[in-house]
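Chemist: What follows is a structure written as structure tokens; I'll ask about it next.
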Amino acid sequence: MEQNNKKTTTHSIGIYLWIWGLLFVFSTFSYLVDWYDFQGLLRWSLIVFFMLLKAGLIMAIFMHLYWERWAIVNVLLWPMTAIMVFVGIMVAESQYTFFTRALFFVMGS
Amino acid sequence: MSELDISKLPKGSKGFTHDFAADQTAFKGVPWGKAMMWIFLLSDTFIFSCFLIALMTARASTTADWPYPSEVFGLTMFGVEVPLLLIAIMTFVLITSSGTMALAVKYGYERNRKMCAWLILATAIGGLTFVGMQAFEWSKLIFHDGVRPWSNPFGAAQFGSFFFMITGFHGTHVSIGVIFLFIFARKTFRGDFDTGRRGYFTSMKSDYKAIEILGLYWHFVDLVWVFIFAFFYLW
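Those sequence lines, one after another, are chains A and B.
Numbering of the first sequence is given in the numbering used here, commencing with residue 1 and proceeding in unit increments.
Numbering of the second sequence is given in the numbering used here, commencing with residue 1001 and proceeding in unit increments.
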């Protein structure tokens, strides 16, 4: 097994422990958003901010995407724009549904 | 077969065009198993996105009040109402298991067999703890609160079906991951990745790259939980 004997460079343990700690801190922060019962735009922006921070750290460091070839990084991240477009479409759709429901359920037939 | 020296290939966006303009393989220096796992995870991302987008659509379009997760998933500890307590503990357990998995991958590549195997085992136990707490959460909601896919006592009727589908699909991923973690812990303890012993199921030789590929799956499960925690429980 020639491949097995090849020395692979690994990252120092420090970076993993740092990211691990940061994930704990950010999770605590997002929990505190609920604990202190923030509402409205402040709540949503804080939730999304900590969510993206955590997702970014997991993907970049734990899943090694930071050190991967640019080709595979692009193949993985560009499809996310399709999801964002889908989100946009469904926001418009749900607002329309809500509007028609308000019209027919609440204002009467 | 000689290993490709990727340090000699162009990097960044130049590497991007180089890799895609090349024949035979697009992802230079990426083991096929890893590329396949990433592509599988991408397809899984689409499935989970569809669930969460459906949740958004249902929640935004219903005229009934959506149940407030902070209260639905709150627990009373020593006479004090603590919001989302179990969910917060589950989040920390899953992050911890993700951390032990990252270290297992590191020690695997450093050919530290024992350390790698113990860390995989720790990851598996973390995952099992998570599934156990999820079972507790489900039984509380089903038997104590009477939440059903078609109705619940808290508000909008759609809440139950989304709860069971989203957390159930994620829990299935965790359970499958736990099974594979236990299998890989055994394989690592036995030294399969040092001796190149053939797998029982695939009858292929493997090495410590397999740990990284298993790790990708496990981190993805944690990654999805980050989004479920934000959009289902906190929003």
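Heads up, the beta-carbon is just placed ideally off N, CA and C, and yes, glycines get one too.
Computed from a prediction, not measured in an experiment: that's the story for all the values here.
With 9 Å as the threshold, decide whether the Cβ of B/His1173 is near any Cβ in chain A.
Modeler: False, the Cβ-Cβ gap to chain A never drops below 9 Å.
Chemist: Is there contact between the segment 1054-1064 of chain B and the segment 1178-1197 of chain B, where contact requires at least three CB pairs shorter than 8 Å?
Modeler: Contact between the segment 1054-1064 of chain B and the segment 1178-1197 of chain B is absent, because fewer than three Cβ pairs lie under 8 Å.
Chemist: Output needed for B/Ile1039: all residues of its chain with C-beta closer than 6 Å, excluding positions within five of it in sequence on either side, in chain order.
Modeler: If we look at B/Ile1039 and ignore the five residues flanking it on each side, it has no Cβ neighbours.
Chemist: In the DSSP assignment, find the alpha helix (DSSP H) that holds B/Leu1181 and state where it starts and stops.
Modeler: Start and end: 1158-1190.
Chemist: Can you give me the start and stop residues for the beta strand (DSSP E) that B/Leu1075 sits inside?
Modeler: Element bounds for B/Leu1075: 1075-1077.
Chemist: DSSP on B/Glu1081, reduced to helix/strand/coil?
Modeler: In this structure, B/Glu1081 counts as strand in the three-state DSSP scheme.
Chemist: Counting along the chain, where does the alpha helix (DSSP H) carrying B/His1018 start and finish?
Modeler: First-last of the alpha helix (DSSP H) with B/His1018: 1012-1021.
Chemist: Leaving out the 5 sequence neighbours to the left and right, which residues in its chain are closer than 6 Å to B/Glu1212 when beta-carbon positions are compared?
Modeler: Taken in chain order, the residues that qualify are Val1105.
Chemist: Any heavy atom of the ligand NAD closer than 8 Å to the beta-carbon of A/Thr28?
Modeler: For the ligand NAD, the structure offers nothing, since it holds no ligand at all.
Chemist: Which residues mark the beginning and the end of the alpha helix (DSSP H) in which A/Met84 is found?
Modeler: Looking at the DSSP string, the run of the alpha helix (DSSP H) that includes A/Met84 is 79-101.
Chemist: Which whole-angstrom value is the C-beta distance of B/Thr1100 and B/Leu1119, which I expect to be below 8 Å?
Modeler: Right, their Cβ atoms sit about 5 Å apart.
Chemist: Taking Cβ-Cβ distances shorter than 8 Å, what residues in chain B pair up with A/Tyr106?
Modeler: Rather than Tyr, the amino acid found at residue 106 of chain A in this sequence is Val. Near A/Val106 (Cβ distances below 8 Å), the residues of chain B are Thr1063.
Chemist: Counting Cβ pairs, one atom from each stretch, are 3 or more of them under 8 Å apart for the segment 53-63 of chain A and the segment 1214-1222 of chain B?
Modeler: In short, these stretches touch, since the Cβ pair count reaches three.
Chemist: Quick one: Cα of B/Trp1225 to Cα of B/Pro1010, how far?
Modeler: The alpha-carbon atoms of B/Trp1225 and B/Pro1010 are separated by roughly 36 Å.
Chemist: For B/Thr1017, does the count of other Cβ atoms within 10 angstroms reach 16, so buried, or fall short, so exposed?
Modeler: Exposed, since its Cβ has fewer than 16 Cβ neighbours within 10 Å.
Chemist: Chain A partners of B/Asp1192, CB-CB under 7 Å?
Modeler: Going along chain A, no residue has its Cβ under 7 Å from B/Asp1192, so there is no contact; the nearest lies around 11 Å.
Chemist: Give every residue of the same chain whose Cβ lies closer than 7 Å to the Cβ of B/Phe1159, excluding the five residues on either side of it in the sequence, and list them in chain order.
Modeler: If we look at B/Phe1159 and ignore the five residues flanking it on each side, its Cβ neighbours are Trp1066, Pro1067, Asn1152.
Chemist: Are the beta-carbon atoms of B/Phe1027 and A/Arg43 separated by less than 9 Å?
Modeler: No, these two residues do not count as a Cβ contact at 9 Å.
Chemist: Tell me the DSSP secondary structure of A/Lys7 in three-state form.
Modeler: Bear in mind that a pLDDT of 48 at A/Lys7, under 50, signals an unreliable position, so the number given afterwards is only what the model happens to contain. If DSSP states are grouped into helix, strand and coil, A/Lys7 belongs with coil.
Chemist: Nearest CA to the CA of A/Tyr31: which residue from B/Cys1050, B/Pro1083, B/Asp1044?
Modeler: It is B/Pro1083 whose Cα lies nearest to the Cα of A/Tyr31.
Chemist: Using the Cα positions of B/Arg1148 and B/Trp1235, report the straight-line distance between them to the nearest angstrom.
Modeler: Those two C-alpha atoms are separated by around 21 Å.
Chemist: So which residues of chain B does A/Thr10 contact, with C-beta pairs closer than 7 Å?
Modeler: What A/Thr10 touches in chain B: Lys1106, Tyr1109, Glu1110.
Chemist: Terminal residues of the continuous alpha helix (DSSP H) containing A/Leu22?
Modeler: Counting along the chain, the alpha helix (DSSP H) containing A/Leu22 begins and ends at 13-35.
Chemist: To which residues of the same chain is B/Ile1095 closer than 8 Å at the C-beta, ignoring the five residues directly before and after it?
Modeler: Taken in chain order, the residues that qualify are Asp1222.
Chemist: Here's a check: name, in chain order, each residue in its chain whose Cβ is nearer than 6 Å to the Cβ of B/Ser1097, leaving out the five neighbours to either side.
Modeler: Thr1123, Gly1126, Gly1127.
Chemist: What residue does the alpha helix (DSSP H) around B/Thr1129 start on, and which one ends it?
Modeler: Taken as a continuous stretch (DSSP letters only), the alpha helix (DSSP H) holding B/Thr1129 covers 1113-1139.
Chemist: Flag B/Glu1081 as yes if its beta-carbon sits less than 9 Å from any beta-carbon of chain A, otherwise no.
Modeler: No, B/Glu1081 does not count as interfacial toward chain A.
Chemist: Which chain B residues sit within Cβ distance under 7 Å of A/Ala102?
Modeler: Those within 7 Å of A/Ala102 in chain B are Thr1063.
Chemist: Kindly list the residues whose CB is nearer than 6 Å to the CB of A/Ile19, restricted to its own chain and excluding five residues on each side of it in sequence; keep chain order.
Modeler: The answer, listed in chain order, is Leu57, Ile61.
Chemist: If the criterion is Cβ atoms closer than 9 Å, does the pair B/Leu1121 and A/Tyr16 meet it?
Modeler: No, Cβ-Cβ distance for B/Leu1121 and A/Tyr16 is not below 9 Å.
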